[in-house]
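The block underneath contains the structure these notes are about, expressed in structure tokens.
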């Protein structure tokens, strides 16, 4: 019977750019804030705080949308390093999950923006810049967009959960550099 | 038998005449047709313009540029009919701190003087009463002919605080100035 030996971490021969790392963690942090705020604000009774939180939530969402677009452009021009060696099913799931994450990160703020407009509230980013209305006021459409925004939000929660679990599994079980290379702050 | 018929006839006649009176009132020149008219308040919430329409109101406007002395305008707006697009907010603005709709169901405007500017413009002056407080307003009005009838359009700004609409705690999130835009149509003409 062989005892498991602590293997040294496999280093990826390629890594993420600093910009990609910064965008990853910034967007992640903002998503956590926006999600928490969305959860809390909808439970609040009508009050100045509730109105404020709705605005902050919208500003966060628009910030996320903009950063995700930057992230997409960056990823196309600066491809992510290849996946570390792993079983085919894991590589396929990783690719699929990342596509889902990107679609949700674009779709959720998009649906939120459309919902806000349909409900009759234009979005004024940081209270300073009025963004164009992407749909016109329509109560029925607003109800449907709100539902879509919520359902996609729960899907994102599930996707992020899987994303985090997979990262931790690679780090602590496989002991590879999947997570470490997203934390490296090397000059490039 | 004949007596019975007479009574029914009388009731029917009374009903008919009441109906006729009611429709005559509705069709009287100067009566605002609510279906084609709008009164919209726009307030700013942390820079976000929010449009809310009053869905129930009645109004009367008589204006003839050749006989300005006979001109008059009035409006009675059901404060509880303000629609912000969300029932929770609609219920909020009916509360005591806002319109206190239970105590003051209506906001009214009555002209005390009308000044003709030209054939299609006049200014209406008179008290606007909301929540029991009356403030004299001067409102510029433009007259136009639309397929629906004669339309009276105008915009004016009111101070929320001057009428005590919204407690002080809201002042940081909701601006004081509220723009009121109206499009009132007299379909009889």
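Protein chains in written order, with the working numbering: chain A, 2 to 189; chain B, 167 to 355.
For glycine and all other residues, C-beta sits at the position ideal for the given N, C-alpha and C.
Runs of beta strand (DSSP E) with 3 or more residues, each lying fully within the region 284 to 340 of chain B, are found at 287 to 296, 299 to 312, 315 to 325, listed in chain order.
Counting C-beta atoms within 10 angstroms of its own C-beta, residue 352 of chain B has 16 or more neighbours from the protein chains shown and is therefore classed as buried. In this structure residue 234 of chain B is not in contact with residue 196 of chain B, their Cβ atoms being roughly 14 Å apart against a cut-off of 8 Å. Counting along the chain, residue 211 of chain B sits inside the beta strand (DSSP E) bounded by residues 204 to 211. Residue 59 of chain A is a Cβ neighbour of residue 124 of chain A, given a cutoff of 8 Å. For residue 118 of chain A, there are no neighbours in chain B by C-beta distance under 7 Å, as the nearest C-beta there is about 11 Å away. A contact is defined here as three or more CB-CB pairs under 8 Å, and the region 83 to 90 of chain A fails this definition with respect to the region 289 to 298 of chain B. Nearest C-alpha to residue 133 of chain A among A:63, A:50, A:52: A:63. Within the region 261 to 292 of chain B, no residue has a Cβ lying closer than 8 Å to any Cβ of chain A. Residue 177 of chain A and residue 167 of chain A have their C-alpha atoms some 12 Å from each other. Contact check for residue 220 of chain B and residue 250 of chain B: beta-carbon distance about 11 Å, past the 8 Å limit, so the pair fails to qualify.
Judged by beta-carbon spacing, residue 28 of chain A lies within the 8 Å limit of residue 72 of chain A, meaning their Cβ atoms are closer than that value. Interface annotation for the region 42 to 67 of chain A against chain B: 47, 49, 52, 53, 56, criterion Cβ-Cβ distance under 7 Å. In this structure, the CA atom of residue 186 of chain A is about 17 Å from the CA atom of residue 75 of chain A. The CB of residue 213 of chain B comes closer than 7 Å to the CB of 125, 128, 129 in chain A, given here in chain order. The shortest CA-to-CA distance from residue 99 of chain A to any of A:34, A:160, A:151 is the one to A:160. Among the residues of chain A, none has a CB under 7 Å from the CB of residue 317 of chain B; the nearest is roughly 22 Å distant. Residue 38 of chain A places its beta carbon 8 Å or farther from that of residue 66 of chain A. Residue-level contact check: residue 342 of chain B does not touch chain A, since none of the beta carbons of chain A fall below 8 Å from its beta carbon. In the DSSP assignment, residue 67 of chain A falls within the unbroken alpha helix (DSSP H) covering 49 to 78. Rounded to whole angstroms, residue 102 of chain A and residue 206 of chain B show a C-alpha spacing of 41 Å.
For residue 298 of chain B, no Cβ of chain A is located within less than 8 Å of the residue's own Cβ. Shown here, residue 15 of chain A sits in coil according to DSSP, grouped into three states, outside any helix or strand. Annotation: residue 269 of chain B to residue 68 of chain A spans about 50 Å, alpha carbon to alpha carbon. If the five residues before and after residue 48 of chain A are omitted, its C-beta is found closer than 8 Å to no C-beta atom of its own chain. Residue 262 of chain B: not part of any alpha helix (DSSP H); DSSP gives it neither H nor E.
For residue 254 of chain B, the residues of chain A that pass the 7 Å Cβ criterion are 47, in the order they occur in the chain. Residue-level contact check: residue 303 of chain B does not touch chain A, since none of the beta carbons of chain A fall below 8 Å from its beta carbon.
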